[in-house]
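To start, the structure itself, in structure tokens.
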Amino acid sequence: MFGLKKMTFKGGAHPPEGKEFTEHKPIEIMPSPQQVIIPVQQHIGAPSQVLVQKGDTVKIGDKICEANGFVSLPVHASISGKVTKIGEFQHPLGMKTQAIVIENDGVDTLSDSIQPNENYLNLSPDEMKNRIREAGISGMGGASFPTHVKLSPPKDKPIDTLILNGAECEPYLTADHRLMLEYPDDILKGLQIFQKILNIKRAYIAIENNKPDAIKLVRKKASAYEGISVVGLNVKYPQGAEKQLIYAITKRQVPTGGLPMDVGCLVQNVGTARAVYQAVAENIPLYQRVATITGAGVNETKNILVRIGTLFKDVIEFCGGYKENVSKLIMGGPMMGIAQYTDEVPVIKGTSGILVLDQAATKRNEPLPCISCGRCVDTCPMGLMPTTLAELVDFEHYDQAVILGLMDCIECGTCTFICPSRRNLLQSIRFGKFKVIRQRRKAS
Amino acid sequence: MDKLFRVSSSPHLYDKDSVQKIMLYVIIALLPALAGSFYFFGPRALWVVAATVASCVITEAVLEKMMKKPVTINDLSAVVTGMLLAYNLPAEIPIWMPVLGGIFAIGIAKQAFGGLGYNPVNPALAARAFMLASWPVQMTVFKTLPRGGTLSATMVDVFSGATPLNALKQSLNIVKHADAFSVEKVVGASRTIRALQDSYSDLFFGKVGGCLGETSAILLLIGAAFLMYRRIIGWRIPFTFIATVGILAWMFGGQAGLFSGDAIFHILAGGLILGAFFMATDMVTSPITPKGQIYFGAGCGVIAIVIRLIGGYPEGVSYSILLMNLTVPLLNRYTKPRILGERKKK
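Line order of the protein sequences matches chains Y and U. Going by this note's numbering, the first residue of the first sequence is number 1334, and it counts up by one from there. Going by this note's numbering, the first residue of the second sequence is number 190, and it counts up by one from there.
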């Protein structure tokens, strides 16, 4: 059925994959660090409320922050020990925010609430959703939107297609790849929970064709489940972006300014599926995650299971430290990741990887004038004209830029990657979006 | 905090192609035709190329120095302009003319507008137009016979300028007004028309009179194939340009009414292959949208064939590109690609 249809989208590019650093390395468990700094806000939505005070003792999985409203999530302790400080700390998204510091007691005691639940499939959808929410699960592909909200579509937007995203199109990252190879059953059971909550028969697991071992294994395992098909996708960036993924598999186009539910689709990351399984079946909250530590600037590249709140510094030390000529430290992959100026920032729920680039990889010429080669237009997966948008923003013609689709940019970075003049197209476009959002907020 | 890292907006990876590399690929793609010009027209051809390239590069460097801007000759775009300009000149042109042409190309058509990326029209073609207007005789006399060129040798007695296209134009004119010419002339002209129709292989390999870089289709096509393989140029502009010329020539180019024209002759003769693959595709002066590129190529084709068939000049490729260059901002504006998920406006 899928052999004939082209499993991809229009546009896109082929950045160097860089997966060879870690794709064959099994997930290593990183021992719990001496200290964790857990930011209170790790998801998109209302900030959570701190439940603990300085001096409190906590166990792994204890709730230290409570959700504040529907689009909000609780936060849990990731090590057992004592709360030593609550204060402002650098957040990997680039600001200072409130965070809770826990000093490790070295015992790693689990919270009493972590109990397996044999008959989890008999839970009602609302009970399942509640557990997902109580476990503090947000989308683990990077966007960090609370998962239980995504699982609660309004009645007039019925969902008929569920897509589990194992594309992992972002170069260098292999965390999802390893998860699919090492925990395919957990992922499939997580998907089954999604199906149950939304009462959907049809589900796809989408994997890029550069992971044939994962496709083979998951396909074999999936045959035991009902209505789940595994789809191999063309290898092209950004194949795993939500709208591009939906288009590749269903040929449906998410309307501009709309959400996947507008075309009856729901996309979840494979890592999220595993976290959901653990939350519903075993009551394990999201206090650790798998991340890829990679790049030419780190001594031992690894896939690790790491506690939320572990400082990047400690993670890099666990991976043999920096090499010489280190230039950039990035949370996430090289295309969409966020550059950090310091390594004293914690791993958060959305940290899919830490990338350390050396000077050779980040060498970049000064931007030149646009030579109108049109490559950004050809490769833009959204069908935008990035060079025109960037120019309009640079000259502060925001209204014109909005007409040309400024707000439809998914910030994948393909235009800036491909630009032979090395123009900072995405930087301008992002700035324009920020300006427009602020203007709109002011107006309303 | 003992170590600070570099920060920048994502993405943190960049493609290998740079402006300089793109220009280098274009230069490489132009080399087969350069070798061909040396073979067909002798060392004189290389002198002309050297003169335009040197003049372009030096003009760029001097002007940028004078304007206290960074000198950008390393991006190699001036070299490309110089080569393209030379390819549009006859081999026997006095050397000082190409030198002035190069100064015009860079000084007026490029730097006066702000340098690479800001020029509205192709600098090499603008300079060619300037030279054609200034020295119409020297720009259109092709005395040097291409080596092994049988076609031009027979025609050169009859006509002063011996490119296949102007031989055709003049012959057609003579046959049309047969009463006004001597019998020998009319016989010669009709023989020329027949000879031209049998000249595909000479046209294809370049054994005909013409500008020094435009004559050999095969050598240009080798370079074009390389550029397409490297994805420097797309198929849209050259394909629609050539197809439009071919179809219109077939429809309106014949003496026996509609659909009797010689499409292959019109595609191979003159500067169409050079223009379609190397000059219309100039990134700065062509549209950035896929649809815009198709309209652009088709527009070039229409103008070129109109000039060839009913205009005063035998060749219209370079003017067609120059004119279409001016429509690029408009084409970009009205051919916005469809955004993924964009709803139709009611």
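Virtual Cβ for every residue (Gly too), placed ideally from N, Cα, C. What you are looking at is a predicted structure, and each value in this text was computed from that prediction instead of being measured.
Among the options, which one has its Cα closest to the Cα of residue i?
{"i": "Arg1771 (chain Y)", "options": "Y:Cys1745, Y:Met1740, Y:Leu1759", "result": "Y:Met1740"}
{"i": "Val1603 (chain Y)", "options": "Y:Ala1539, Y:Ile1579, Y:Ile1637, Y:Lys1387", "result": "Y:Ala1539"}
{"i": "Pro1657 (chain Y)", "options": "Y:Met1669, Y:Asp1691, Y:Leu1599, Y:Pro1407", "result": "Looking at the sequence provided, one finds Glu at residue 1657 (chain Y) rather than Pro. That would be Y:Asp1691, whose Cα lies nearest to the Cα of Glu1657 (chain Y)."}
{"i": "Thr1605 (chain Y)", "options": "Y:Ala1346, Y:Ala1432, Y:Ile1470, Y:Gly1378", "result": "Y:Ile1470"}
{"i": "Gly1683 (chain Y)", "options": "Y:Gln1374, Y:Glu1460, Y:Gly1402", "result": "Y:Gln1374"}
{"i": "Tyr1580 (chain Y)", "options": "U:Met286, U:Ala469, U:Leu529", "result": "U:Leu529"}
{"i": "Lys1396 (chain Y)", "options": "Y:Phe1403, Y:Leu1384, Y:Ser1405", "result": "Y:Leu1384"}
{"i": "Val1623 (chain Y)", "options": "Y:His1347, Y:Cys1752, Y:Ile1360, Y:Lys1339", "result": "Y:Ile1360"}
{"i": "Val1631 (chain Y)", "options": "Y:Asn1532, Y:Asp1647, Y:Ile1617", "result": "Y:Asp1647"}
{"i": "Gly460 (chain U)", "options": "U:Tyr523, U:Tyr484, U:Ile494, U:Val376", "result": "U:Ile494"}
{"i": "Pro1487 (chain Y)", "options": "Y:Glu1677, Y:Cys1598, Y:Thr1355, Y:Pro1700", "result": "Y:Cys1598"}
{"i": "Phe454 (chain U)", "options": "U:Ile477, U:Thr404, U:Met417, U:Trp424", "result": "U:Thr404"}
{"i": "Leu273 (chain U)", "options": "U:Ser197, U:Phe428, U:Gly290, U:Lys192", "result": "U:Gly290"}
{"i": "Val330 (chain U)", "options": "U:Lys358, U:Val364, U:Gly399", "result": "U:Gly399"}
{"i": "Val364 (chain U)", "options": "U:Ser388, U:Val376, U:Gly412, U:Met212", "result": "U:Val376"}
{"i": "Asn1463 (chain Y)", "options": "Y:Ile1637, Y:Asp1732, Y:Gln1621, Y:Ala1612", "result": "Y:Ala1612"}
{"i": "Gly505 (chain U)", "options": "U:Pro518, U:Asn277, U:Gly412", "result": "U:Asn277"}
{"i": "Glu1451 (chain Y)", "options": "Y:Val1587, Y:Val1568, Y:Ala1614", "result": "Y:Ala1614"}
Using a cut-off of 8 Å between C-beta atoms, extract the partners of residue i located in chain U.
{"i": "Pro1702 (chain Y)", "result": "Gly303, Gly304, Leu305, Gly306, Tyr307"}
{"i": "Ile1671 (chain Y)", "result": "Ser199"}
{"i": "Phe1403 (chain Y)", "result": "Within chain U, no residue comes near Phe1403 (chain Y); the closest Cβ sits about 27 Å away, beyond 8 Å."}
{"i": "Lys1576 (chain Y)", "result": "Leu529, Gly530"}
Start and end of the beta strand (DSSP E) containing residue i?
{"i": "Gly1414 (chain Y)", "result": "1414 to 1423"}
{"i": "Gln1673 (chain Y)", "result": "1671 to 1673"}
{"i": "Tyr1537 (chain Y)", "result": "1536 to 1541"}
{"i": "Cys1778 (chain Y)", "result": "Residue numbering for chain Y in the displayed model covers 1334 to 1777; residue 1778 (chain Y) lies beyond these limits and cannot be assessed."}
{"i": "Gln1577 (chain Y)", "result": "No beta strand (DSSP E) contains Gln1577 (chain Y), which is instead part of the alpha helix (DSSP H) from 1575 to 1583."}
{"i": "Arg1622 (chain Y)", "result": "1621 to 1627"}
{"i": "Cys1598 (chain Y)", "result": "1598 to 1602"}
Which residues mark the beginning and the end of the alpha helix (DSSP H) in which residue i is found?
{"i": "Glu1650 (chain Y)", "result": "1645 to 1651"}
{"i": "Ser379 (chain U)", "result": "372 to 386"}
{"i": "Pro353 (chain U)", "result": "353 to 365"}
{"i": "Asp1519 (chain Y)", "result": "1517 to 1531"}
{"i": "Arg527 (chain U)", "result": "Premise fails: Arg527 (chain U) is in no alpha helix (DSSP H) and is neither H nor E."}
{"i": "Ile436 (chain U)", "result": "425 to 441"}
{"i": "Val1639 (chain Y)", "result": "Val1639 (chain Y) -> not in any alpha helix (DSSP H); beta strand (DSSP E) instead, spanning 1635 to 1640."}
What in chain U is Cβ-close to residue i, meaning under 9 Å?
{"i": "Tyr1580 (chain Y)", "result": "Leu529, Gly530"}
{"i": "Asp1395 (chain Y)", "result": "Here the premise fails: no neighbours, minimum Cβ distance about 30 Å."}
Could you work out which residues of chain Y lie near residue i, taking near to mean beta carbons separated by less than 9 Å?
{"i": "Met256 (chain U)", "result": "None at all; the shortest Cβ gap to chain Y is about 15 Å."}
Note down, in chain order, each residue of its chain lying with its Cβ closer than 8 Å to the Cβ of residue i, except the 5 sequence neighbours on either side.
{"i": "Gly1344 (chain Y)", "result": "Asp1711, Thr1712, Cys1713, Pro1714, Met1715, Gly1716, Thr1747"}
{"i": "Leu410 (chain U)", "result": "Ile462, Phe466"}
{"i": "Asn1437 (chain Y)", "result": "Ser1365, Pro1366, Gln1367, Gln1368, Val1369, Ile1412, Ser1413, Gly1414"}
{"i": "Leu1550 (chain Y)", "result": "Met1513, Leu1514, Pro1517"}
{"i": "Lys254 (chain U)", "result": "Val260"}
Can you pull the chain U residues whose beta carbon is under 7 Å from the beta carbon of residue i, in chain order?
{"i": "Ile1663 (chain Y)", "result": "His201"}
{"i": "Gln1760 (chain Y)", "result": "Ser198"}
Return yes when the C-beta of residue i is under 6 Å from any heavy atom of the ligand FMN, and no when it is not.
{"i": "Gly1420 (chain Y)", "result": "With respect to the ligand FMN, the structure offers nothing, as it holds no ligand at all."}
Please list, in chain order, all residues of the same chain as residue i whose beta carbon is under 6 Å from its beta carbon, the five residues on each side excluded.
{"i": "Ser360 (chain U)", "result": "Ala378, Thr381, Ile382"}
{"i": "His1376 (chain Y)", "result": "Leu1406, Ser1471, Ser1477, Pro1479"}
{"i": "Leu354 (chain U)", "result": "Ala458, Gly459, Pro503, Glu504"}
Sorted by chain position, which residues of the same chain lie with C-beta nearer than 7 Å to residue i's C-beta, five sequence neighbours on each side aside?
{"i": "Ile292 (chain U)", "result": "Ser244, Thr248"}
{"i": "Trp324 (chain U)", "result": "Met286"}
{"i": "Phe230 (chain U)", "result": "Ala280, Thr333, Pro335, Leu401"}
{"i": "Ile262 (chain U)", "result": "Val246, Glu249, Ala250"}
{"i": "Phe430 (chain U)", "result": "Ala465, Ala469, Gly486, Cys489, Gly490"}
{"i": "Gln1577 (chain Y)", "result": "Phe1342, Pro1571, Pro1714"}
Identify the contact partners of residue i in chain Y, using a Cβ-Cβ distance below 8 Å as the criterion.
{"i": "Val196 (chain U)", "result": "Lys1661, Ala1672, Gln1673, Tyr1674"}
{"i": "Met472 (chain U)", "result": "Ile1704, Ser1705, Cys1706, Gly1707"}
{"i": "Leu511 (chain U)", "result": "Those within 8 Å of Leu511 (chain U) in chain Y number zero; the least Cβ separation is about 16 Å."}
{"i": "Asp204 (chain U)", "result": "Ala1346, Pro1348, Phe1750, Ile1751, Cys1752, Pro1753"}
Counting only C-beta atoms, is residue i closer than 7 Å to chain C at any point?
{"i": "Asp1741 (chain Y)", "result": "The structure shown contains no chain C; its protein chains are Y and U."}
Could you work out which residues of chain Y lie near residue i, taking near to mean beta carbons separated by less than 7 Å?
{"i": "Ile477 (chain U)", "result": "Ser1705, Gly1707, Val1710, Met1718, Thr1720"}
{"i": "Lys525 (chain U)", "result": "Met1718, Leu1737"}
Handout entry: At least three beta-carbon pairs within less than 8 Å, the segment 509 to 526 of chain U to the segment 311 to 320 of chain U
Key = A contact is defined here as three or more CB-CB pairs under 8 Å, and the segment 509 to 526 of chain U meets this definition with respect to the segment 311 to 320 of chain U.
Exercise for the section: Pair every Cβ in the segment 1642 to 1650 of chain Y with every Cβ in the segment 1486 to 1504 of chain Y, then say whether three or more of these pairs are closer than 8 Å. Expected result: With the cut-off at 8 Å, the segment 1642 to 1650 of chain Y and the segment 1486 to 1504 of chain Y do not touch.
Exercise for the section: Evaluate contact between the segment 1697 to 1711 of chain Y and the segment 1668 to 1676 of chain Y, counting only Cβ atoms and requiring at least three cross-stretch pairs below 8 Å. Expected result: Under the three-pair Cβ rule at 8 Å, the segment 1697 to 1711 of chain Y does not count as touching the segment 1668 to 1676 of chain Y.
Problem - Cβ contact (3+ pairs, closer than 8 Å) linking the segment 1652 to 1668 of chain Y and the segment 1591 to 1600 of chain Y - result: The segment 1652 to 1668 of chain Y vs the segment 1591 to 1600 of chain Y: no contact.
Exercise for the section: Evaluate the contact criterion for the segment 199 to 219 of chain U versus the segment 1753 to 1766 of chain Y: three or more CB pairs, one atom per stretch, below 8 Å. Expected result: Enough Cβ pairs lie closer than 8 Å, so yes.
Problem - Cβ pair count under 8 Å reaching 3, the segment 256 to 274 of chain U against the segment 292 to 307 of chain U - result: Contact annotation: the segment 256 to 274 of chain U touches the segment 292 to 307 of chain U, with at least three C-beta pairs closer than 8 Å.
Handout entry: Cβ pair count under 8 Å reaching 3, the segment 1556 to 1564 of chain Y against the segment 1520 to 1540 of chain Y
Key = By the criterion of at least three beta-carbon pairs nearer than 8 Å, the segment 1556 to 1564 of chain Y is in contact with the segment 1520 to 1540 of chain Y.
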